[in-house]
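In the numbering used here, the protein residues as written are 421 to 819.
From the three backbone atoms N, C-alpha and C, an ideal C-beta is built for every residue, glycine too.
Read through the structure below, which is laid out as structure tokens, and then see the notes.
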Amino acid sequence: MNIDVYNPDNYTRGIPHQQFAWLRDNAPVHWHEHPGGHGYWVLSKHADVLAVSRDFRTFSAEQGFVLVDDLPADILDMARNQLLGMDPPKHGPLRRAVITRFTSRMLAELEPRVRAITREVMAQITSPQEVNFVESLAGDLPTAVICSMLEIPRDMWGQIRRWSDMQTSASDPDLGGTEEEVNQASVEMGTYGFQLATERKNQGGDDLISLLINQEVEGHQVSEMEFASLFVQLTVAGNETTRGLISSGLYELLKRPDLYRQLRENPDQLPLAVEEMLRWTCPLHYFRRTATCDTEIRGQKVKAGDRVVMLYSSANFDEEVFDNPLEFDITREHNPHLAFGHGIHLCLGANLARLEAKIFFEEFFRHFDKVESNAEPVFIRSNMIHGFKDMPLTLTPAA
């Protein structure tokens, strides 16, 4: 079989399940050539992705960041200030500073706010209307939630999303741009985060930026420069993951009208259903690590400096872990999916994304009587981001 997990064109029809299944069966630690002249190890099995995620001493996020492509030196330096690109001991205090703001109590207090924002998003549609669901409802909610938490001025929300799309979907001609434009978007976004942090330092605010920039954890206070990189991570992840989860999740339900009705009539089943949506849609195909020393994975020798790619969208369909993995089962109870990663780099906003998705579907079922799919959705052309860029629906509000 011709295996190519790098070419973004191979993801324009969704997860290439046939190739990934072949890898799991025949080459779970697979050497893949990169167009840049180097190569990398591709891990397709759930157990191997877990093991590498847990072993941050042997597999570094910081050495080359988390992308399989090389970043320009100045962008790499900035990227390493993002939590997802840090190794211990630098990683721990900053993560704990952030995680104190994403507690269960905070999320419980945030729920009414998320619900109010969701209802406002739904209320934009007052009569039967055709929309690109990805850009309208599915995209509007996470942008509004994260920007509200950060108290970003409303007139900047669209810019935040454009910066985010430029960085995550650079390989898609409809969403990305030239390498220079993408790098410029990253710099502009970080600069804006630095500006916000500087403005709110020691000003006594209670927005998320003020809470992060003005607290000390284990003797460490988040600097304006650290926050600039953290800002990029929070806003990009806050937009991309939830948008993909909601749009792809709804698509799978619309393909299965019985499941759609089941959830609409039994919204208490949404928490399990959201976990299956996460497993199935898997917002990120991969993240990379770099070996810090000579080691082995499944008996395969891996040299210090080798790139190792954890293929989440393969691990989430590993037959050794999931019963009938190609069945979309909203009642699946054993579901150790890796949609949010694992280990010290587990996604900070995982529970916020779950909350947003649960509330979104509760309110969506209430607000719309009829939902019609007008055409097949179009996937983002990306070997990293798994999601739609276009999903045309006609939505008819309840009377």
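Query raised in the report: Given that a residue counts as buried once 16 or more other Cβ atoms are within 10 Å of its Cβ, and exposed if not, what is residue 757?
Result: The residue you call residue 757 lines up with position 337 of the sequence shown. Around the beta carbon of residue 757, a 10 Å sphere encloses 16 or more other beta carbons of the protein chains shown; the residue is thus reported as buried.
Query raised in the report: By Cβ distance below 8 Å, which residues in the same chain neighbour residue 762 in space, the five residues on each side in sequence not counted?
Result: Looking up residue 762 in the sequence shown gives position 342. Taken in chain order, the residues that qualify are 469, 470, 473, 474.
Query raised in the report: In chain order, which alpha helix (DSSP H) runs of at least 4 residues are fully inside the segment 628–700?
Result: Counting only runs of 4 or more, we get 628–633, 644–674, 677–685.
Query raised in the report: For residue 780, which residues from the same chain have a beta carbon less than 7 Å from its beta carbon, with the 5 sequence-adjacent residues on both sides left out?
Result: Position 360 of the sequence shown holds residue 780. Closer than 7 Å at the Cβ level, and outside the excluded window around residue 780, lie 538, 561, 666.
Query raised in the report: When you compare each of 543, 432, 505 to residue 819 by their alpha carbons, which one comes out closest?
Result: Reading the sequence shown from its first residue, position 399 is the one you call residue 819. The shortest C-alpha separation from residue 819 is found at 543.
Query - CB of residue 648 within 8 Å of CB of residue 610, strictly - result: The residue labelled residue 648 in the question sits at position 228 within the sequence shown. The residue labelled residue 610 in the question sits at position 190 within the sequence shown. Going by beta carbons, residue 648 and residue 610 fall inside the 8 Å limit.
Requested in this report: Would you kindly check if the distance between the Cβ of residue 661 and the Cβ of residue 564 is under 8 Å?
Outcome: Against the sequence shown, residue 564 aligns to sequence position 144. Against the sequence shown, residue 661 aligns to sequence position 241. No, the pair does not count as a contact, with Cβ atoms beyond the cut-off.
Query - Proximal residues to residue 454 (C-beta, below 7 Å), its chain only, five neighbours per side dropped - result: Position 34 of the sequence shown holds residue 454. Excluding residues within five positions, the ones whose Cβ falls inside 7 Å are 426, 460, 488.
Report task. Name the residue from 669, 714, 569, 793 whose alpha carbon lies nearest to the alpha carbon of residue 655. Result -> Residue mapping note: residue 655 aligns to position 235 of the sequence shown, counting from 1. For the options 669, 714, 569, 793, the alpha carbon positioned closest to that of residue 655 is the one of 569.
**Report entry** Check whether residue 504 and residue 518 have beta carbons under 8 Å apart
**Finding:** Along the sequence shown, one-based indexing puts residue 504 at 84. Along the sequence shown, one-based indexing puts residue 518 at 98. No, these two residues do not count as a Cβ contact at 8 Å.
Query raised in the report: Closest by CA to residue 718, which one among 449, 436, 444, 435?
Result: As a position in the sequence shown, residue 718 is number 298, starting the count at 1. When each option's Cα is compared against that of residue 718, the closest is 449.
Query raised in the report: When the Cα atoms are used, what is the spatial distance from residue 585 to residue 783?
Result: As a position in the sequence shown, residue 585 is number 165, starting the count at 1. As a position in the sequence shown, residue 783 is number 363, starting the count at 1. The alpha-carbon atoms of residue 585 and residue 783 are separated by roughly 26 Å.
Query - CA-to-CA distance, residue 515 to residue 501, given in whole angstroms - result: Numbered from 1 along the sequence shown, position 81 holds the residue referred to as residue 501. Numbered from 1 along the sequence shown, position 95 holds the residue referred to as residue 515. If you draw a straight line from the Cα of residue 501 to the Cα of residue 515, it is about 11 Å long.
Query raised in the report: Using a Cβ-Cβ cut-off of 8 Å (strictly less than) and excluding sequence neighbours within five positions of residue 701, which residues of its own chain qualify?
Result: As a first step, residue 701 must be located in the sequence shown, where it is residue number 281. Around residue 701: 664, 665, 668, 669, 672, 759, 806, 807.
Report task. Would you kindly work out how many angstroms separate the C-alpha atoms of residue 614 and residue 645, rounded to a whole number? Result -> Position 194 of the sequence shown, counting from 1, holds the residue named residue 614. Position 225 of the sequence shown, counting from 1, holds the residue named residue 645. So the alpha carbons of these two residues sit roughly 6 Å apart.
Query raised in the report: Using a beta-carbon distance below 8 Å, is residue 539 in contact with chain C?
Result: In the structure shown, chain C does not exist; there is a single protein chain.
Query raised in the report: What residue range is occupied by the uninterrupted beta strand (DSSP E) comprising residue 812?
Result: Translated into the one-based positions of the sequence shown, residue 812 becomes position 392. Where residue 812 is concerned, the enclosing beta strand (DSSP E) starts and stops at 812–817.
**Report entry** Assigned exposure category for residue 740 - 16 Cβ within 10 Å defines buried
**Finding:** Along the sequence shown, read from residue 1 onward, the residue named residue 740 stands at position 320. When all chains shown are included, residue 740 counts as exposed.
Report task. With DSSP as the reference, label residue 721 as helix, strand or coil. Result -> Here residue 721 refers to the residue found at position 301 when the sequence shown is read from its first residue. DSSP places residue 721 in the strand class (E or B) of the three-state scheme.
**Report entry** Coarse secondary structure for residue 774, derived from DSSP in three states
**Finding:** Here the question's residue 774 lines up with position 354 in the sequence shown. Note: residue 774 maps to helix in three-state DSSP.
Query raised in the report: If we count the other Cβ atoms within 10 Å of its Cβ and call it buried at 16 or more, is residue 559 buried or exposed?
Result: What you label residue 559 is simply residue 139 of the sequence shown in a count that begins at 1. Buried, because 16 or more other Cβ atoms sit within 10 Å of the Cβ of residue 559.
Query raised in the report: Relative to the alpha-carbon of residue 785, which residue among 687, 710, 696, 698 has its alpha-carbon at the smallest distance?
Result: If you number the sequence shown from 1, residue 785 lands on position 365. Nearest of 687, 710, 696, 698 to residue 785, Cα basis: 687.
Query - Inter-residue CB distance, residue 727 and residue 710 (contact presumed, cutoff 8 Å) - result: As a working note, residue 727 is residue 307 in the sequence shown. As a working note, residue 710 is residue 290 in the sequence shown. Yes, they are in contact, since the Cβ atoms of residue 727 and residue 710 sit about 6 Å apart, within 8 Å.
Query - Pairwise C-alpha distance: residue 730 and residue 480 - result: As a working mapping, residue 480 is identified with position 60 in the sequence shown. As a working mapping, residue 730 is identified with position 310 in the sequence shown. Approximately 12 Å, taken between the alpha carbons.
Query raised in the report: Which residue from 715, 697, 708, 720 puts its Cα closest to that of residue 750?
Result: Numbered from its first residue, the sequence shown carries residue 750 at position 330. Minimum Cα distance to residue 750 is reached at 697.
Query raised in the report: Which residue spans inside the segment 489–524 form an unbroken beta strand (DSSP E) run of at least 3?
Result: Counting only runs of 3 or more residues that sit fully inside the segment 489–524, no beta strand (DSSP E) segment turns up.
**Report entry** Residue span of the alpha helix (DSSP H) that contains residue 732, given as start and end
**Finding:** Here residue 732 refers to the residue found at position 312 of the sequence shown. That run of the alpha helix (DSSP H) goes 732–735.
Query - Residue of 521, 578, 465 minimising C-alpha distance to residue 768 - result: Locating residue 768 in the sequence shown gives position 348, counting from the first residue. Closest option to residue 768, judged by alpha-carbon separation, among 521, 578, 465: 521.
Query raised in the report: What residues are listed by DSSP as bridge partners for residue 485?
Result: Within the sequence shown, the letter at position 65 stands for residue 485. Answer is none; residue 485 lacks a bridge partner.
**Report entry** Contained beta strand (DSSP E) runs [length at least 3] in the segment 782–808, N- to C-terminal order
**Finding:** The qualifying runs are 788–793.
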